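Reviewing the structure listed below.
Protein chains: 2
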Amino acid sequence: MVRVHFWGTPEWSQQLADSLSDIAECRFGEEVDPNTEVLAKGRPAEEEFATLHALKAVVIPFAGIPVQTRELLASRPHIKLYNLHHNSADTAEMAVALYMAVAKQIVVRDRNLRTGMWSEGSFMRSGSGGSIRAAGKRALVLGYGAIGRRIAKACDGMDMKVTAIRRNGPFDDRIRPLEELDQLLPQTDALFVALPLTTETEGLMDGRRIALLPETAIVSNIARGAIFDESALYDALRSNRIGGAGIDVWWNYPKADEPCFPSNFPYHELDNVVMTPHVGGASDATEDDRWRALADLIRGIEDGSAKPASAELGY
Amino acid sequence: MVRVHFWGTPEWSQQLADSLSDIAECRFGEEVDPNTEVLAKGRPAEEEFATLHALKAVVIPFAGIPVQTRELLASRPHIKLYNLHHNSADTAEMAVALYMAVAKQIVVRDRNLRTGMWSEGSFMRSGSGGSIRAAGKRALVLGYGAIGRRIAKACDGMDMKVTAIRRNGPFDDRIRPLEELDQLLPQTDALFVALPLTTETEGLMDGRRIALLPETAIVSNIARGAIFDESALYDALRSNRIGGAGIDVWWNYPKADEPCFPSNFPYHELDNVVMTPHVGGASDATEDDRWRALADLIRGIEDGSAKPASAELGY
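From first to last, the protein sequence lines stand for chains A and B. When you read off a place in the first sequence, starting at 1, and then add 151, the result is the number in this note's numbering. When you read off a place in the second sequence, starting at 1, and then add 151, the result is the number in this note's numbering.
Structure (structure tokens):
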């Protein structure tokens, strides 16, 4: 019996424990048994590794592995690192929802019509009809993991021309290597960012790359804020050097529920931005999916079929 | 040479005339030549039919044939009625954008985050995570013409379970007859309305049918407001008997650019509504597409290949 420790609501903790009762001894709550072999936790502290002598696997119970956790594990190669993709549909859908909200000016139009105004305040260039048609436009999906693949499929469903970028092959006409990013950006109408945050991807979308986008391009970011240069993206949006952005992930986060703006730059004053508070991963279906995915993963760890989140990252 | 009259911007009027110069004599502007054979106009007046003796076809330069125009033409069977589907992608995309905006609470979340609030004001039931996952949900596309088919394809792209309803067959597991509407509504998570407005569809979604929807259902209407009972839909939304609605088409329209609320009921006070001012058909691509589609249609009318908008309606 493998000894597993995790955190969850009482309901799903019990469901998970029951569903794994043939192979695992599950514990949950604050006290972590020193004999724990599999620990499901997003941000384990360095001290924990010193006390957990039997630890063989850490499971991040979501997709975006924190950089610190990745670094802590890098120096402990005997502990395998896994993550969960149970909510990739939710996150991909948020990317599409944000893109569509910008392309159709949903927020500005809703705000105006609520005051009886039918034709006020377009942030788009004249001749646009106030909306961008997705069909026929060129979508670039940056990061082709579980989320990126779903974004690409949704874009296919809207007859967009889809290209995706990932780091490792196989490549084909549609899936291109990261090295081609600079060539592809000038041909991109809709840029969907679905990369993990790593030391490599931090700041990848800097001012120079943002400037490669066409002036009507719309950016959708559901990955991590720090993939973009905060100041350069703000400037491009404020000066209409790009068309707009839908942003779910930020540079500032609230501490202890204090209200806070999501950036040091006033993104919240821009009409060509649609902003959501890092909620892409949550939906009516995620909590139930999370324990099921965790149960499947723990079985996979035990029978050797589970694929670790590669230290090299296969996005 | 067929004599054609239409209205358009100077640029595309000339492009249309040039592209048809081998088969048509095109005129545009206020004065309609009494020898006009093909008239492209959304709402021709009854008097015009008295003066236009040679008229053999009316082209509605958009998809939604006005009920009055349909009635005027019904008593003149020698004049064929056509409509244009050049912007079906735009309208279908608006249906998807509105559904996604409701499902992900885009408007409320954007409004809150602009004031620094990260977790305020959900209109959804607790346990929803604040978002509805589209994947796996049951979409019902009511009306399966050019727009409905595109909505269905976009829903497929998001892994929704899609059923469509149309009046005339062929039917299959996915495409069902209008007679099954009442059976299907209780199994519908996302209702997309893409019907033409006719005497038959006016008020089709009355209070009884709205009450058949599950309490988490989201409605998206890009067709015509009058397909819904204005009061019953408002009541269902206000009392949370359904989950929400994205609405582009209304019961009230502004006269001469005066501000006006889009309904006699205060839809504009509801957080579970996303509202846009009947803009689904317009985008950066529509004006160019419109004259091309009109040129193709006029060629089709002349060579007999164009399909009239059936008086019976094949939606």
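Don't be surprised by glycine CBs; every beta carbon is placed ideally from N, CA and C. It should be emphasised that the depicted structure is a prediction, and the values quoted were computed from it without experimental measurement.
Reducing DSSP to helix, strand and coil, say where K164/A ends up.
Note on identity: in this sequence residue 164/A is Ser, with Lys being the wrong assignment. Looking at S164/A - three-state DSSP - the assignment turns out to be helix.
Compute the distance between the beta-carbons of A377/B and W402/B, then report whether it is under 9 Å.
In contact: A377/B and W402/B (Cβ atoms closer than 9 Å).
Mind pulling the chain A residues with CB within less than 7 Å of A285/B?
Near A285/B (Cβ distances below 7 Å), the residues of chain A are E244.
Could you check whether the Cβ of C177/A sits closer than 9 Å to any Cβ belonging to chain B?
Answer no: the Cβ-Cβ gap between C177/A and chain B never drops below 9 Å.
Under a three-way DSSP split, which group does R325/A fall into?
R325/A falls in the coil class under three-state DSSP.
Have a look at S270/A and K255/A and give me their C-alpha separation to the nearest angstrom.
Each residue's alpha carbon lies about 13 Å from the other.
Mind listing the chain B neighbours of I257/A? Cutoff is C-beta to C-beta under 8 Å, in chain order.
A248, L249, A252, I257, V258, V425, T427, listed in chain order.
Can you tell me the Cβ-Cβ gap for V517/B and A305/B, rounded? I've got them flagged as a contact below 8 Å.
Nothing about residue 517/B can be read from this structure; chain B reaches only from 152 to 466.
With 16 as the cutoff for other CB atoms within 10 Å, does D169/B come out buried or exposed?
Answer is exposed; the Cβ neighbour count stays below 16.
Is the separation between the beta-carbon of R101/A and that of S434/B shorter than 9 Å?
Because chain A here runs from 152 to 466, residue 101/A falls outside it and cannot be looked at.
Do D399/B and H419/B come within 9 Å of each other at the CB atom, strictly closer than that value?
Result no, Cβ atoms of H419/B and D399/B do not sit closer than 9 Å.
From G451/B, C177/B, E351/B, pick the residue whose C-alpha is nearest to that of M152/B; which is it?
Among G451/B, C177/B, E351/B, the Cα nearest to that of M152/B belongs to C177/B.
From the DSSP output, which residues share a beta bridge with E176/B?
Note: E176/B sits in a beta bridge opposite R154/B.
Have a look at G267/B and P413/A and give me their C-alpha separation to the nearest angstrom.
Looking at the two C-alpha atoms, the distance is approximately 7 Å.
Anyone know if the C-beta pair for R262/B and R260/A falls short of 9 Å?
Not in contact: R262/B and R260/A (Cβ atoms no closer than 9 Å).
Sort L206/A, L171/A, P337/A by Cα distance to D184/A and report the nearest one.
Considering only alpha carbons, the answer is L206/A.
Which residues, taken in chain order from the stretch 357-375 of chain B, show a beta carbon closer than 8 Å to some beta carbon of chain A?
Hits within the stretch, in order: T367.
Under DSSP, the beta strand (DSSP E) around K458/B begins and ends at which residues?
Per DSSP, K458/B belongs to no beta strand (DSSP E) and is neither H nor E.
List the residues of chain A whose Cβ lies closer than 8 Å to the Cβ of T437/B, in chain order.
In chain order: G280, R284.
K231/A CB to nearest chain B CB: under 9 Å?
False, the Cβ-Cβ gap to chain B never drops below 9 Å.
Below 9 Å between beta carbons: does that hold for E244/A and M275/B?
No; because the gap between Cβ atoms is not below 9 Å, this pair is not in contact.
To the nearest whole angstrom, what separates the beta carbons of T242/B and G431/B, a pair I think is in contact under 8 Å?
Contact flag correct, Cβ pair sits at about 4 Å.
For the alpha helix (DSSP H) holding F200/B, just list the boundary residues, first then last.
Per DSSP, F200/B belongs to the alpha helix (DSSP H) from 197-202.
Shortest alpha-carbon distance to R443/A belongs to which of K406/A, W158/A, L167/A?
Of the listed residues, the one whose Cα sits closest to R443/A is L167/A.
Check for me: the alpha helix (DSSP H) holding A252/B runs from which residue to which?
Note, A252/B: alpha helix (DSSP H), 239-254.
Find the nearest neighbour of N423/A within the set R392/A, L388/A, G451/A, judged by alpha-carbon distance.
Closest option to N423/A, Cα to Cα, is L388/A.
Which residues mark the beginning and the end of the beta strand (DSSP E) in which I316/B is found?
First-last of the beta strand (DSSP E) with I316/B: 312-317.
Output the boundary residues of the beta strand (DSSP E) element that contains V292/B.
Here the beta strand (DSSP E) through V292/B covers 289-293.
Any beta carbon from chain B within less than 9 Å of R262/A's own beta carbon?
With 9 Å as the cut-off, R262/A counts as an interface residue toward chain B.
In whole angstroms, give me the CA-to-CA distance for G280/A and T187/A.
Going from the Cα of G280/A to the Cα of T187/A covers about 60 Å.
Among all the DSSP beta bridges, which residues are the ones paired with M150/A?
This structure does not reach residue 150/A, given that chain A is present from 152 up to 466, and the question cannot be answered.
In chain order, what are the residue ranges of uninterrupted beta strand (DSSP E) at least 3 long that sit wholly in the stretch 343-400 of chain B?
Counting only runs of 3 or more, we get 369-372, 395-398.
Return helix, strand or coil for I211/A, following the three-state DSSP convention.
Strand at I211/A.
DSSP state of N234/A, grouped into three classes?
The answer is strand: DSSP assigns N234/A an E or B state.
Does V218/B come out as helix, strand or coil in the three-state DSSP assignment?
Three-state DSSP puts V218/B in a helix.
Which residues share a DSSP beta bridge with A341/A?
Beta-bridge pairing links A341/A to A290/A, I369/A.
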